[in-house]
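All remarks here apply to the structure that follows.
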Amino acid sequence: MPFLYRISSEDTAMARWELGKTPLLVGRGLDANIWIPDYRVSVRHFQIRWEQGRHLLEDLNSTNGTWVNDNRVTKVALRVGDRIQAGKTFFSYESGLATAIHELENQSLKPLA
């Protein structure tokens, strides 16, 4: 299952949301599924929804736009590794497998007793 990560400017994961077939609203409004306290993010900034076997990101007429891989978008099919920007907030779209591998790589191995 794919995930949306909120990432820092150093690409460190700060939060994670599992993406399924239910639409996900990102914004500054209280009705957002992902609430972002960034004044450059619109109340209803962008939405991710499942359509025709893939996740689509759609900008919801935000004031400052939604950017995917440094390109301003209105609607785009997401691909693993895509970097999303809304205001000064960054996200990364990752597959479940990539997430599991990354977590395993970052775990420290404990010596056997």
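So in my numbering, spot 89 of the sequence shown is number 290, and the numbers just go up one at a time. Positions of the beta carbon are idealized from the N, C-alpha and C atoms, including for glycine. It should be emphasised that the depicted structure is a prediction, and the values quoted were computed from it without experimental measurement.
Check	Outcome
How big is the Cα-Cα spacing for Ile235 and Gln253?	23 Å
Considering just the uninterrupted stretch of the beta strand (DSSP E) at Tyr206, what are its terminal residues?	Phe204 to Ile208
Roughly how many whole angstroms lie between the Cα atoms of Arg255 and Leu220?	11 Å
Quick one: what does DSSP say Gly228 is sitting in, helix, strand or coil?	strand
Within a Cβ cutoff of 8 Å, which residues of the same chain sit near Asp239, ignoring the five residues on either side of it in sequence?	Arg229, Ala287, Gly288, Lys289 and Thr290
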